[in-house]
Amino acid sequence: MDKVFQIQNQARNNVKELQTYMTDLQNWEAEMKRKEAALNGAFEQDLPPVRSKIKKEKPVVPKKKPEQKIKGSDYSAWDKYDVDKACEDIDMEDVGPTSLDGKKSQQAKLEKLKEEAQYEKERGNTFVKQEKWDEAISCYNRAIELVKDDAIYYANRGLCYLKKDSLHQAESDCSEALRLDPTYVKALQRRATARERLGSLRAASHDLNEVLKLEPHNTAARKQLEAIKTRMGTKGAKSKSSPVTTPTPENKPIVKPKMQPKIVELPSEPAVAGQLIADDWRTGVGENIMVIKPVKKPPHLRSKRPLKSIPIQEVLLGEKTPEKPPTRLKIVDIEDNLSQGDSNNNDSNKKDIHGKIDACGEGEKKVASPESVKLVSEAIITEKIKNFVPPINSVQFMSEWKYMKGQWDAMAEYWSLIEPSKIPSIFANALESSVVSDVIQVLHSRRDKFRGRTAYLAGIANVPRFSALAMFLSHTDKQMLTTLLEDCKQSENCTDEVIADLKNKYEL
Amino acid sequence: MEEYDGLDTPQVITHIEHNINHSIFDCKWIPCSAKFVVIGSLPKGTGTLEVYEITSGEIRKIKEIERPNSFKCGTFGASSDIERRLATGDFKGTLEIWDLEKSCQMYITKEHTDIINSIDGMGGNVNNCGAPEIVTGSRDGTVKVWDPRQRGKPVANMQPVKGETKRDCWAVSFGNSFNDAERIVVAGYDNGDLKMFDLRTMSLRWECNLKNGVCSTEFDRKDIPMNKLVATTLEGKFHVFDVRTQNPTKGFAQVLNNDAKSGTIWVARHVPQNRDIFVTCAGNGQVSLWKYEYPEHRYHVDHQGVSSGVPGKLKRLQRMVVSSQPINAWEWNRDHLGLAVATAYDQCVRVLITTKLNLQ
Numbered sequence: 001m002d003k004v005f006q007i008q009n010q011a012r013n014n015v016k017e018l019q020t021y022m023t024d025l026q027n028w029e030a031e032m033k034r035k036e037a038a039l040n041g042a043f044e045q046d047l048p049p050v051r052s053k054i055k056k057e058k059p060v061v062p063k064k065k066p067e068q069k070i071k072g073s074d075y076s077a078w079d080k081y082d083v084d085k086a087c088e089d090i091d092m093e094d095v096g097p098t099s100l101d102g103k104k105s106q107q108a109k110l111e112k113l114k115e116e117a118q119y120e121k122e123r124g125n126t127f128v129k130q131e132k133w134d135e136a137i138s139c140y141n142r143a144i145e146l147v148k149d150d151a152i153y154y155a156n157r158g159l160c161y162l163k164k165d166s167l168h169q170a171e172s173d174c175s176e177a178l179r180l181d182p183t184y185v186k187a188l189q190r191r192a193t194a195r196e197r198l199g200s201l202r203a204a205s206h207d208l209n210e211v212l213k214l215e216p217h218n219t220a221a222r223k224q225l226e227a228i229k230t231r232m233g234t235k236g237a238k239s240k241s242s243p244v245t246t247p248t249p250e251n252k253p254i255v256k257p258k259m260q261p262k263i264v265e266l267p268s269e270p271a272v273a274g275q276l277i278a279d280d281w282r283t284g285v286g287e288n289i290m291v292i293k294p295v296k297k298p299p300h301l302r303s304k305r306p307l308k309s310i311p312i313q314e315v316l317l318g319e320k321t322p323e324k325p326p327t328r329l330k331i332v333d334i335e336d337n338l339s340q341g342d343s344n345n346n347d348s349n350k351k352d353i354h355g356k357i358d359a360c361g362e363g364e365k366k367v368a369s370p371e372s373v374k375l376v377s378e379a380i381i382t383e384k385i386k387n388f389v390p391p392i393n394s395v396q397f398m399s400e401w402k403y404m405k406g407q408w409d410a411m412a413e414y415w416s417l418i419e420p421s422k423i424p425s426i427f428a429n430a431l432e433s434s435v436v437s438d439v440i441q442v443l444h445s446r447r448d449k450f451r452g453r454t455a456y457l458a459g460i461a462n463v464p465r466f467s468a469l470a471m472f473l474s475h476t477d478k479q480m481l482t483t484l485l486e487d488c489k490q491s492e493n494c495t496d497e498v499i500a501d502l503k504n505k506y507e508l
Numbered sequence: 001m002e003e004y005d006g007l008d009t010p011q012v013i014t015h016i017e018h019n020i021n022h023s024i025f026d027c028k029w030i031p032c033s034a035k036f037v038v039i040g041s042l043p044k045g046t047g048t049l050e051v052y053e054i055t056s057g058e059i060r061k062i063k064e065i066e067r068p069n070s071f072k073c074g075t076f077g078a079s080s081d082i083e084r085r086l087a088t089g090d091f092k093g094t095l096e097i098w099d100l101e102k103s104c105q106m107y108i109t110k111e112h113t114d115i116i117n118s119i120d121g122m123g124g125n126v127n128n129c130g131a132p133e134i135v136t137g138s139r140d141g142t143v144k145v146w147d148p149r150q151r152g153k154p155v156a157n158m159q160p161v162k163g164e165t166k167r168d169c170w171a172v173s174f175g176n177s178f179n180d181a182e183r184i185v186v187a188g189y190d191n192g193d194l195k196m197f198d199l200r201t202m203s204l205r206w207e208c209n210l211k212n213g214v215c216s217t218e219f220d221r222k223d224i225p226m227n228k229l230v231a232t233t234l235e236g237k238f239h240v241f242d243v244r245t246q247n248p249t250k251g252f253a254q255v256l257n258n259d260a261k262s263g264t265i266w267v268a269r270h271v272p273q274n275r276d277i278f279v280t281c282a283g284n285g286q287v288s289l290w291k292y293e294y295p296e297h298r299y300h301v302d303h304q305g306v307s308s309g310v311p312g313k314l315k316r317l318q319r320m321v322v323s324s325q326p327i328n329a330w331e332w333n334r335d336h337l338g339l340a341v342a343t344a345y346d347q348c349v350r351v352l353i354t355t356k357l358n359l360q
């Protein structure tokens with residue numbers, strides 16, 4: 001009887017074991033597929049030389065050596081002996097020729113490591129959310145192993161240690177994070193908490209002061225600081241925390257944290273001071289632009305919200321907008337010349353159109369501010385409109401349209417040149433939603449310039465795949481359209497059917 | 001089963017069994033993936049490489065390559081985990097290195113004049129363990145070592161002296177590659193010869209005769225100073241050598257296991273996560289799981305100051321018949337303890353799992 005029970009128990013145990021193994025196996029499968037996906041690209045290794053090649057080199061070495069040996073008594077030879085060169089030779093021997101070519105894919109390797117570290121960090125963050133501190137710590141450990149110079153990993157691990165009451169470890173992690181990024185507010189706060197609980201109140205208050213310097217409105221830090229001050233009690237009276245609460249106007253660093261306030265959420269690299277000059281254009285160093293960096297997130301972590309379109313403005317590389325506002329005088333200057341390419345908006349197109357514009361204005365170019373040039377170009381455009389020809393295709397249209405932005409009269413003038421029935425053939429598949437909404441506005445606001453606005457609307461609606469464009473129309477566009485159609489109905493005596501058809505097409 | 005009632009006895013279970021309608025000779029996990037490649041030949045004599053992927057308990061063929069000559073064996077050992085190039089040997093003696101992603105050969109050479117029975121690779125995915133090299137053993141009696149960076153010619157060639165009869169080399173494997181210089185090749189022949197070549201000194205380090213043809217050899221680890229070596233033979237025997245201590249006269253200490261009923265032991269493979277556990281696959285379709293138990297002292301020094309090894313003991317942890325025909329290849333998965341793929345002469349490829357290996 002006992003035996004039967006034992007066998008049953010054993011069988012049950014085996015089944016259970018097998019089940020856990022199976023779930024493990026599924027995890028492994030998923031893990032492997034992820035790993036595999038991460039594995040593409042070049043790979044290089046420092047490898048020892050091919051065996052048969054070593055053999056050939058070997059016999060050469062013993063021959064050479066006796067040659068180089070100089071007898072102790074041969075003083076003249078010693079005089080000629082180049083010590084530096086000999087040292088160099090020895091150094092080179094260590095390095096060897098093979099290790100030199102390993103550098104090519106360094107960048108790619110780094111990139112891969114970063115990605116892997118990022119993945120570990122994400123896993124760590126989810127563990128943190130579940131309050132599984134030990135698991136989270138091991139994730140961050142791996143991340144740190146992969147990428148040693150990211151403040152975030154240290155700060156996050158510091159948080160876990162803090163939660164586990166390993167205060168000394170927490171403090172040293174936060175210190176490391178701050179060494180990498182001295183403006184990392186969260187690390188400062190965490191270190192302050194760790195120090196406070198360790199009893200080093202002065203150091204904690206010092207950290208909090210730093211926090212408040214960086215983020216003057218950080219209420220949590222302020223409260224904590226006050227608590228520490230009361231704890232310091234009688235001693236606190238002489239505490240050095242003087243410039244804490246009121247940030248003085250010369251507190252310049254405020255700007256910095258504003259640029260990157262959400263350092264934990266973004267996987268961007270830490271602020272490294274020493275950037276290569278060649279990479280300046282990438283990071284936008286010395287230019288008044290904001291660089292949008294690619295955010296690498298695994299698909300399941302990405303935002304589910306629809307993408308937002310950002311209008312892209314072309315800017316010449318290396319060109320700076322002047323810091324001082326332009327003076328009147330300069331505008332006049334330019335108007336005289338009539339020859340400036342816009343320093344901010346792409347001037348290559350403009351140069352094409354205005355044959356007159358050439359390189360003679362090169363010198364003043366740097367002085368010209370966007371505003372001043374805008375004034376000039378507006379003047380030019382209205383002049384030029386008379387020379388406009390109706391576009392034959394969308395490329396032609398876009399090249400003209402591009403620099404009419406915001407000048408509604410010019411736009412209306414240009415559109416009035418276009419034969420409504422030809423709209424579908426001109427644009428074919430290349431009509432952009434931004435153009436559609438601009439046109440709607442033009443038709444709405446400059447009604448007197450057009451004959452038969454319904455025809456235009458119908459023409460646009462007949463563009464191939466218009467239904468997709470209609471989806472991009474904003475609320476204001478639609479409002480404008482409704483009033484426009486009402487207006488058309490009255491002024492152009494359109495039938496109800498036509499209007500209803502258009503309403504249908506524009507999805508009103 | 002009745003003798004292994006302990007709660008921590010590993011179980012060997014066939015997780016997936018998949019019939020392939022032609023002969024298969026070898027199977028290898030593709031590193032860092034849930035895929036493996038099956039090497040075989042079609043009845044008309046052409047060779048196939050088939051890539052299978054495991055997806056939620058099922059395997060699916062995702063690629064097939066067919067070549068005029070039957071393939072016999074393959075290895076990923078000389079390739080990095082990123083490139084993952086498969087080196088194959090075929091019935092005509094051709095060594096090829098494949099990029100399976102692009103389905104093309106990166107390297108092709110025919111220096112052997114007869115079938116390549118066995119292949120092993122080393123140095124691709126570990127750092128500071130020497131150059132990437134492939135060793136091939138062929139029926140033409142030679143053992144050749146290749147470096148994928150050197151086209152056409154082997155970097156080392158071990159062949160019988162002129163006049164000697166050429167023995168059919170059935171098994172080769174690398175070992176002792178714990179730094180950039182050291183490396184050893186072990187070759188087993190059809191007459192029972194087992195030879196150990198030192199690639200650093202280019203010399204024969206040790207040899208012995210096991211009386212039966214040597215079907216498979218493997219070091220417990222390739223990238224450490226050599227520790228143990230398993231050699232399996234015909235007629236159900238296999239030998240485990242403790243190769244840490246070499247006595248100038250007696251050679252290495254060994255344990256012999258003899259189970260004539262099971263037929264030829266086709267292959268022995270060590271668990272990558274535990275070097276003292278290995279599996280042997282026998283001609284009757286039985287797999288056995290073994291654990292090598294070290295003696296209290298692994299060597300003793302005699303009165304002349306010469307040390308000799310002391311053999312340990314073998315403990316069978318489990319045995320299980322999984323196939324009706326001989327199992328000719330087995331490979332453990334590097335990334336998942338207890339997961340293995342095996343091919344057999346019943347034209348089935350199996351994914352097997354072994355539980356409780358972590359408790360051993």
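Protein chains in written order, with the UniProt record's numbering: chain A, 1 to 508; chain B, 1 to 360. Where a beta carbon is used, it is the ideal one built from N, C-alpha and C, also for glycine. None of the values given here were measured: they were computed from a predicted structure.
| request: Under 8 Å by Cβ, that's how I've got Leu352(B) and Ile20(B) pegged, so tell me the actual separation to the nearest angstrom. | output: The residue given as residue 352(B) occupies position 352 in the second sequence. The residue given as residue 20(B) occupies position 20 in the second sequence. Actually they do not touch by this definition, with Cβ atoms about 16 Å apart.
Item to complete: Would you list the one or two residues that DSSP bridges to Asp26(B)?
Response: The residue labelled residue 26(B) in the question sits at position 26 within the second sequence. In the DSSP output, where bridge partners are listed per residue, Asp26(B) has Ile39(B).
| Collapsed DSSP secondary structure at Tyr52(B) in the structure displayed | Sequence index remark: in the second sequence, residue 52(B) carries index 52 (1-based). It is a strand residue.
Lys356(B): contacting residues in chain A (beta-carbon distance under 8 Å):
What you label residue 356(B) is simply residue 356 of the second sequence in a count that begins at 1. Within chain A, the residues near Lys356(B) are Glu17.
Q) For Arg183(B), does the count of other Cβ atoms within 10 angstroms reach 16, so buried, or fall short, so exposed? A) If you number the second sequence from 1, residue 183(B) lands on position 183. By the 10 Å Cβ count, Arg183(B) comes out buried.
Residue from Val161(B), Pro160(B), Glu133(B) with nearest C-alpha to Arg149(B)
Locating residue 149(B) in the second sequence gives position 149, where the first residue counts as 1. Per the Cα distances, Glu133(B).
Exercise for review: For Asp81(B), decide whether its Cβ has a neighbour in chain A, counting only Cβ atoms nearer than 8 Å.
Suggested key: Indexing the second sequence from 1 puts residue 81(B) at position 81. Yes, Asp81(B) counts as interfacial toward chain A.
So with Cβ pairs under 8 Å, would you call Arg34(A) a contact of chain B? As a first step, residue 34(A) must be located in the first sequence, where it is residue number 34. It does not: the Cβ of Arg34(A) has no partner Cβ on chain B nearer than 8 Å.
Q) Residues of chain B with a CB under 8 Å from the CB of Glu29(A): which are they? A) Within the first sequence, numbered from 1, the residue matching residue 29(A) stands at position 29. Here the neighbours are Ala34, Ile54, Thr55, Ser56.
DSSP state of Thr217(B) mapped onto helix, strand, coil:
As a first step, residue 217(B) must be located in the second sequence, where it is residue number 217. Three-state result, Thr217(B): strand.
In chain B, what lies closer than 9 Å to Gln26(A) by C-beta? Position 26 of the first sequence, counted from the first residue, corresponds to residue 26(A). The answer, in chain order, is Ser56, Gly57.
* Looking only at its own chain, which residues have a Cβ that is under 7 Å from the Cβ of Gly199(A), when we skip the five neighbours before and after it? -> Looking up residue 199(A) in the first sequence gives position 199. Taken in chain order, the list of residues that qualify is empty.
Review point. Who are the neighbours of Leu159(A) on chain B, taking C-beta pairs under 9 Å?
Key: For the purposes of this step, residue 159(A) is identified with residue 159 of the first sequence, where counting begins at 1. Within chain B, no residue comes near Leu159(A); the closest Cβ sits about 31 Å away, beyond 9 Å.
Any beta carbon from chain A within less than 8 Å of Ala344(B)'s own beta carbon? In the second sequence, counting from the first residue as 1, residue 344(B) sits at position 344. So no, Ala344(B) is outside the interface.
Tyr107(B) - DSSP class collapsed to helix/strand/coil: On the second sequence, position 107 is the one that residue 107(B) refers to. Strand at Tyr107(B).
- Message: Assuming Arg221(B) and Trp29(B) are in contact, meaning their beta carbons sit under 8 Å apart, how far apart are those beta carbons, in whole angstroms?
- Response: The sequence position of residue 221(B) within the second sequence is 221, counting from 1. The sequence position of residue 29(B) within the second sequence is 29, counting from 1. Not a contact, Cβ separation roughly 17 Å.
Query raised in the report: What number of angstroms, rounded off, separates the C-alpha of Arg231(A) from the C-alpha of Leu162(A)?
Result: Translated into positions along the first sequence, residue 231(A) becomes position 231. Translated into positions along the first sequence, residue 162(A) becomes position 162. In a straight line, the C-alpha of Arg231(A) is about 20 Å away from that of Leu162(A).
Could you check whether the Cβ of Leu113(A) sits closer than 8 Å to any Cβ belonging to chain B? Here residue 113(A) refers to the residue found at position 113 of the first sequence. Output row for Leu113(A): interface = no.
Would you check if there are 3 or more beta carbon pairs closer than 8 Å linking the segment 109 to 126 of chain B to the segment 21 to 39 of chain A? no
I want to see whether chain A comes within less than 8 Å of Pro132(B), judged by CB atoms only; does it? On the second sequence, residue 132(B) is found 132 positions in, with the first residue counted as 1. Cβ-Cβ to chain A under 8 Å: yes for Pro132(B).
Checklist entry - Is any beta-carbon of chain A found at less than 8 Å from that of Ile108(B)? => result As a first step, residue 108(B) is located in the second sequence; it is residue number 108 there, counting from the start. No, its Cβ sits nowhere closer than 8 Å to a Cβ of chain A.
Check: So, helix, strand or coil for Ser175(A), using DSSP?
Finding: By one-based count along the first sequence, residue 175(A) stands at place 175. Residue state, collapsed to three classes: helix.
Is the beta carbon of Cys129(B) closer than 8 Å to that of Ser177(B)?
Working through the second sequence from its first residue, we reach residue 177(B) at position 177. Working through the second sequence from its first residue, we reach residue 129(B) at position 129. Cβ distance < 8 Å, so Ser177(B) and Cys129(B) count as in contact.
- Would you report the Cα separation of Tyr345(B) and Ile39(B), rounded to the nearest angstrom? As a position in the second sequence, residue 345(B) is number 345, starting the count at 1. As a position in the second sequence, residue 39(B) is number 39, starting the count at 1. Tyr345(B) and Ile39(B): Cα-Cα distance of roughly 12 Å.
- Query: Thinking C-alpha only, which one of Ile16(B), Leu194(B), Val267(B) is nearest Phe25(B)?
  - Reply: As a first step, residue 25(B) must be located in the second sequence, where it is residue number 25. It is Val267(B) whose Cα lies nearest to the Cα of Phe25(B).
Is there contact here, the segment 297 to 309 of chain B with the segment 319 to 335 of chain B, by at least three beta-carbon pairs under 8 Å? no
### Task
Consider the Cβ of His112(B): report whether some Cβ of chain A lies at a distance smaller than 8 Å.
One-based indexing of the second sequence puts residue 112(B) at position 112. Judged by the 8 Å Cβ criterion, His112(B) is not in contact with chain A.
key: Asp496(A) versus Met398(A) - alpha carbon distance   = Looking up residue 496(A) in the first sequence gives position 496. Looking up residue 398(A) in the first sequence gives position 398. Looking at the two C-alpha atoms, the distance is approximately 34 Å.
Item checked: Those runs of the alpha helix (DSSP H) which lie wholly inside the segment 135 to 218 of chain A and span at least 4 residues -> 151 to 163, 167 to 180, 185 to 198, 201 to 214
message: Looking at the secondary structure, which residues open and close the alpha helix (DSSP H) in which Glu413(A) lies?
response: Working through the first sequence from its first residue, we reach residue 413(A) at position 413. That run of the alpha helix (DSSP H) goes 408 to 417.
Residues near Leu357(B) in its chain [Cβ-Cβ closer than 8 Å; skip 5 each side] | The residue given as residue 357(B) occupies position 357 in the second sequence. Cβ within range, chain order: Pro10, Val271, Gln273, Asn274, Ile277, Leu337, Gly338.
### Message
Rounded to the nearest angstrom, what separates residue 569(A) and Val211(A) at their Cα positions?
### Response
Since the first and last residues shown for chain A are 1 and 508, residue 569(A) lies out of range.
| request: Take the Cβ of Thr343(B) as the centre, count every other Cβ of all protein chains shown within 10 Å, and call the residue buried at 16 or more, exposed below. | output: As a first step, residue 343(B) is located in the second sequence; it is residue number 343 there, counting from the start. By the neighbour-count rule (16 or more Cβ atoms within 10 Å), Thr343(B) is buried.
Output yes if chain B places a C-beta closer than 8 Å to the C-beta of Val4(A); else output no.
In the first sequence, counting from the first residue as 1, residue 4(A) sits at position 4. Not one chain B Cβ lies under 8 Å of Val4(A).
Problem - Nonlocal neighbours in the same chain, by C-beta distance under 6 Å from Pro420(A), ignoring five residues either side - result: For the purposes of this step, residue 420(A) is identified with residue 420 of the first sequence, where counting begins at 1. Hits under 6 Å: Ala455, Tyr456, Gly459.
Original post:
Should residue 509(A) go down as buried or exposed, given a rule of 16 or more other Cβ atoms within 10 Å for buried?
Top reply: This structure does not reach residue 509(A), given that chain A is present from 1 up to 508, and the question cannot be answered.
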